[in-house]
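Okay, structure first, notes after.
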Amino acid sequence: MSIPPLLQVDGLHVRYPVRKGLFGGVVGTINAVDGVSLTLARAETLALVGESGCGKSTLGRTVIALQRPSAGTVLFRNQDLFALPPDQLKRQRRFAQFISQNPRTCFDPRRTVGASVRMALDIQGMLDRQGRDEAVADIFRKVGLRPEHRFRYPHELSGGQLQRIGIARALILKPSLIVCDEPVSALDVSVQAQILNLLRDLQAEFELALLFVSHNLAVVEYIADRVAVMYYGRIVETAPAKQLFRAPRHPYTKALLAAVPSLDLARRDDPVPRLGDPPDPAHLPSGCRFRNRCPIAIPRCSEHEPALAGVDAGHAVACWAAEGAVVPKPAMAGG
Amino acid sequence: MTMPSPRHDGPLLDIRDLRTQFGSGPGTVNAVQGVDLRIAPGEIVGLVGESGSGKSVLALSIMRLIQKPGRIAGGEILFDGRDVLAMSARDLGRWRGRDIGIIFQQPQGCLNPVRRIGWQVAEPLRQQERLSRKGAWDGAVALLRSVGIPAPEEKALAYPHQLSGGQAQRVMIAIALALRPRLLIADEPTTALDVTIQAQILELLRDSCRHAGTSLLLVTHDLGVVARLADRVAVMYAGRIVEDGPVATILDHPAHPYARGLLRAAPRLGQSGGERLQDIPGGIPDLSRPAAGCAFAPRCGRRASLALARCLEEMPPLDPVARDHRLRCWATPDATGDGP
Amino acid sequence: MSEAVLEEPIFRAVPRWRQLLRRLLRNPSAVAGGAVLLILILLAAFAPLIAPYDPFKISPAQRLTPPGALHWLGTDEVGRDLLSRIIYGTRYFLLICAVTASISASIGTVLGLVAGAGSSLTDGIIMRMIDILLAFPYILMVLVVVAILGPSLWTGMAAVGIAGIPGYARLVRSTVLTVKAEDYVVSVRALGASEAEILFRTVLPNVLSPLIVYLSFATPLAALLASALSFAGLGTQPPAPEWGAMLVNSRTFLFSAWWAVAAPGTALFISIFGMNILGNGLRDVLDPRS
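Protein chains in written order, with the numbering used here: chain W, 1 to 335; chain C, 1 to 340; chain H, 1 to 290.
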């Protein structure tokens, strides 16, 4: 019997109405997450990459019930998160934690950081008073800080220190999954490396699954086991990390990788992918949403939206024109 | 190619011992502590540093855009032989825009939300070159075309909020280059942009500057950006330049422990063989309480392994170690280039 | 295990309220305004010991004497000592401040909290109610209240208190909405906190600061309004030594016995000004942007 995955997402949609006019009439919809399915196993790191507006942050938050989806299901530890009554959802939350992007704003400015971390235990009702204080001191040590740091206020600490405390707060409940929403984007390079290494070590020690949301491909290559590339609400390619970076299939993935400025001076004059301006999210092109920026678009691309189809072991692409993609035969002759 | 003829031999921009401070009294923050930097005509110089390095403050200081409670506390800035710090307000107004321009990280914050972008591009042309309204508008449309804005005649009628981030940054570049300045300062111009747009904007910057012979001072924390564009690189730490030289030298075999640390800490595409990133332990020092010795000493692996006491006691000077390569470090890097 | 973090510069940790107190004491506006408030409180508390005469004692023989050795501020139109009346007047002033602030702040805050923290339907209903209250002509409302209940100190305070509700409600509502959208509230929600827990543990404490600042500005304004009502005959009635009421009769003597007008007028001015600059100081210190 196979073990069910830790997280299973099916057909997830998150839609926002676009309101205009005097009375706020709805004139369109933005499909922030437009039909996403994915799975995450225990102790695995899945990265969601994409540019702004691709829906990766929204997906990350929805998966741990910080946002409600418009359609679809999220099975976490085999429980349908959005069908649970509030008290059971609260119990599940303990196992699915969150690290946000800006460490400076994710702590209540009026509490000491130790009190903020301790609040996790208070809310979940874990341990007794004495035990809680010790647990906070311990977790601070675990993330590389001194226990005395817990008496500081957020504005007295650096970005790197605060992000460590963010990790501490997520970790203290002993979760199985942590959704990391751009956890190192707001940090300097030297501090970024500290935090990435810390995450890797903690993941190994506590067998954590990480859903790592980032726009930085080099960081993703460093930390992820598997990668899903998102474009305007859909996953366009998913593969094991090594595979994706070595042999990407989807034209958007290729463009993303080509656009990252390389530190290799020999590639200084490599041509830049010319993609054109991104479309308006409320008015995406028909068929494949990438087609009007795509260098290899074929006529089929404007008619039918491609679904994710496997092209290799663990490697799936949503594209009609990518190598290895299967284009279904037309139903009628001459069609 | 229209190369402006230099008025004198030598660097276009010559900064000597520049010091910029914020506040006064015991809590004074010394954001820039004695910087020497030169930029030649037509050269692209990358200024690299993390937060607290002083790179953005340096960029603003060059154009005398520092406002209270900050002030330039000492040093010299010579632009084409002219003393910038001694310029009158009137001269400053004519120098800015015409000889030197700047673009910032957030274009939306620099564009006037209630004016059409065509007029915002046309305004410097009208003011400084005394063109008629029609002439300035045509000039603006031509500029928008040259920075890659499609259908510029129509786009010029748009307001800033109707532009995407990438388009807004292109407009900023158009405004900055409108009067064909000799030097352009770009302060993190692509940090807020998506990576595919970033690549295009960087290319635009490079091509525009090369075409017009404009020098570019590119302030960034991203080493990849510098690798793509810069001829020379200066690395800043805690208000000082710690190493500068040709881009190949700095990126491939830097000598300063901090520069080395940065290069090893940055994750690179295609590099990961699963090797661990080497982070630089600790954090940036408190700029309001400068220590006696080298600012990087407490975090420096080389100092620790060589047990150099001098690093903690005395600030090393920025000295040439080769032609066009300067280093601020007491400890000579070992021959193999390995180690801290 | 990753390398331990080296010594990063740590600023000395001081409990937040002590930090705030220190900064308050260093702020000139706060100190000056605080001094005025303190003097008012002391005068009010020790009025019977400080005032040289009975503020209600009429002596027609001494009417309208100018300031001099016997009566430092002179006497009013029925011979009452002005200095004593001013001193006792502090009690009225402080009472008005306290009562109007209590009415406005308590009702306004509760309404604002419910509007901000509740559903958009609740929010809509409450805010429309507030809008109706605002649209109602203030003078008309006061006249209605006074006509029904008769003009007095208490009806005046009630009317001003009610008029102050929309301001507090709007402030609290917008602060609650802002705080709810902050990153740290999302983080706490991820920990499993219920909406009620979030409201009381995280949102409320962050609402307190802007509320205090608003209070310090709105209260003297309310006091001025109450005094104006008294002056118009719709609030405190003479012979009470309330500063606005004192102006009712003495205004006819503006040119012959100016001191009878100057004394209450100046007292009002200094008190309200003092509280305003105290408000400035509080805002400088409590505003998180500073």
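Beta carbons are placed, not taken as given, at the ideal position from N, Cα and C, and that holds for glycine.
Cβ neighbour criterion (16 or more within 10 Å) applied to residue i
| i | result |
| --- | --- |
| I15 (chain C) | buried |
| Q21 (chain C) | buried |
| D54 (chain H) | exposed |
| S84 (chain H) | buried |
| L49 (chain H) | exposed |
| I103 (chain H) | buried |
| V144 (chain H) | exposed |
| M1 (chain H) | Legend: pLDDT at M1 (chain H) = 31, less than 50; position of this residue unreliable, value from coordinates given subsequently. So M1 (chain H) ends up on the exposed side. |
| H149 (chain C) | The amino acid occupying residue 149 (chain C) in the given sequence is Ile; His does not appear at that position. Looking at its Cβ environment, which holds 16 or more other Cβ atoms inside 10 Å, I149 (chain C) is buried. |
| K55 (chain C) | buried |
| W17 (chain H) | exposed |
| F56 (chain H) | exposed |
| G27 (chain C) | exposed |
Option in the options with minimal Cα separation from residue i
| i | options | result |
| --- | --- | --- |
| V136 (chain W) | W:H315, W:V113, W:S158 | W:V113 |
| G301 (chain C) | C:L262, C:R19, C:L193, C:R289 | C:L262 |
| P17 (chain W) | W:A96, W:S70, W:P154, W:S214 | W:S70 |
| R246 (chain W) | W:C54, W:D277, W:H315 | W:H315 |
| G72 (chain W) | W:D270, W:L12, W:L121 | W:L12 |
| F206 (chain W) | W:P175, W:P279, W:M230, W:H215 | W:P175 |
| A309 (chain C) | C:V114, C:D319, C:P317, C:A331 | C:A331 |
| S250 (chain H) | H:L64, H:F46, H:F56 | H:L64 |
| V99 (chain H) | H:G265, H:L149, H:T155 | H:T155 |
| A218 (chain H) | H:G274, H:G235, H:S152, H:L42 | H:G274 |
| E123 (chain C) | C:L204, C:C110, C:Q108, C:A140 | C:A140 |
| G108 (chain H) | H:L133, H:R91, H:Y92 | H:L133 |
| V114 (chain H) | H:I96, H:V146, H:A196 | H:A196 |
| P11 (chain C) | C:I280, C:E314, C:S215, C:L205 | C:S215 |
| L204 (chain C) | C:E154, C:L143, C:A156 | C:L143 |
8 Å Cβ shell around residue i - same chain, five flanking residues per side excluded
| i | result |
| --- | --- |
| R276 (chain C) | none |
| I100 (chain C) | I62, M63, F79, P181, R182, L183, L184, I185 |
| C311 (chain C) | G293, C294, A297, C300, R303, W330, A331 |
| L94 (chain H) | L40, I41, A44 |
| P4 (chain W) | L75, N78 |
Same chain only: Cβ atoms within 7 Å of residue i, ignoring 5 sequence neighbours per side
| i | result |
| --- | --- |
| E323 (chain W) | R249 |
| F151 (chain W) | T112, G114 |
| P4 (chain C) | Summary for P4 (chain C): the model assigns pLDDT 46, below 50, so the residue's position carries little reliability, and this model does not support an answer. |
| H161 (chain C) | P113 |
| H304 (chain W) | G287 |
| Q8 (chain W) | T39, L75 |
| L217 (chain W) | V49, L256, L257, V260 |
| A335 (chain C) | Note that A335 (chain C) scores 40 on pLDDT, short of 50, meaning its location in the model is unreliable; the coordinates nonetheless yield the value given after this. Closer than 7 Å at Cβ, skipping near neighbours: no residue. |
| I212 (chain H) | L282, L286 |
| V32 (chain C) | L18, R19, T20, G54, V57, L58, S61, G239 |
| I64 (chain W) | A96, F98, V179 |
Cβ distance (whole Å) where residue i is taken to contact residue j below 8 Å
| i | j | result |
| --- | --- | --- |
| R132 (chain W) | R146 (chain W) | Wrong, their Cβ atoms sit about 18 Å apart, outside the cutoff. |
| S190 (chain W) | A297 (chain C) | No, S190 (chain W) and A297 (chain C) are not in contact; Cβ-Cβ is about 15 Å, not under 8 Å. |
| G112 (chain H) | R173 (chain H) | 4 Å |
| D187 (chain C) | I250 (chain C) | Between I250 (chain C) and D187 (chain C) the Cβ distance is about 20 Å, and since that is not below 8 Å, they are no contact. |
| H256 (chain C) | L327 (chain C) | 6 Å |
Contact test: residue i Cβ vs the ligand SAH heavy atom, cutoff 7 Å
| i | result |
| --- | --- |
| E44 (chain W) | Looking at this structure, you won't find the ligand SAH or any other ligand, since it has none at all. |
Chain-order list of residues whose beta-carbon lies under 6 Å from that of residue i (same chain, five-residue window excluded)
| i | result |
| --- | --- |
| Q97 (chain W) | A170, P175, I178 |
| P67 (chain H) | L73, G74, W259 |
| L199 (chain H) | A117 |
| V236 (chain W) | V229, H250, Y252, A318 |
| L177 (chain H) | G116 |
Checklist line | Within 9 Å of chain H by C-beta, residues of the region 57 to 79 of chain W in sequence order | finding: R61, I64, A65, L66
Item checked: Contact list for the region 172 to 203 of chain H against chain W, Cβ threshold 8 Å -> E182, D183, Y184, V186, S187, V188, R189, A190, L191, G192, A193, S194, E197, R201, T202
Check: At a Cβ cut of 7 Å, what residues of the region 206 to 221 of chain H count as close to chain W, listed as they run along the chain?
Finding: N206
Notebook entry, point to check: Listed from N- to C-terminal order along the chain, which residues in the region 113 to 131 of chain W have their beta-carbon within a distance smaller than 8 Å of any beta-carbon of chain H?
Noted result: S116, M119, A120, I123, Q124
Check: Residues in the region 172 to 196 of chain W with C-beta within 8 Å of chain H's C-beta atoms, listed in sequence order?
Finding: L173, Q194
Notebook entry, point to check: Listed in chain order, which residues of the region 268 to 302 of chain W have Cβ atoms closer than 8 Å to some Cβ of chain C?
Noted result: R268, V272, P273, R274, L275, D277, P278
Margin query: Under 9 Å, CB to CB, which of the residues in the region 211 to 239 of chain W have a partner in chain C?
Written below: H215, N216, L217, A218, V219, V220, E221, Y222, I223
Margin query: Can you pull out the residues from the region 31 to 53 of chain W whose beta carbon lies closer than 7 Å to at least one beta carbon of chain H?
Written below: none
Checklist line | Interface positions of the region 136 to 170 of chain W facing chain C (Cβ-Cβ less than 7 Å), listed along the chain | finding: S158, G160
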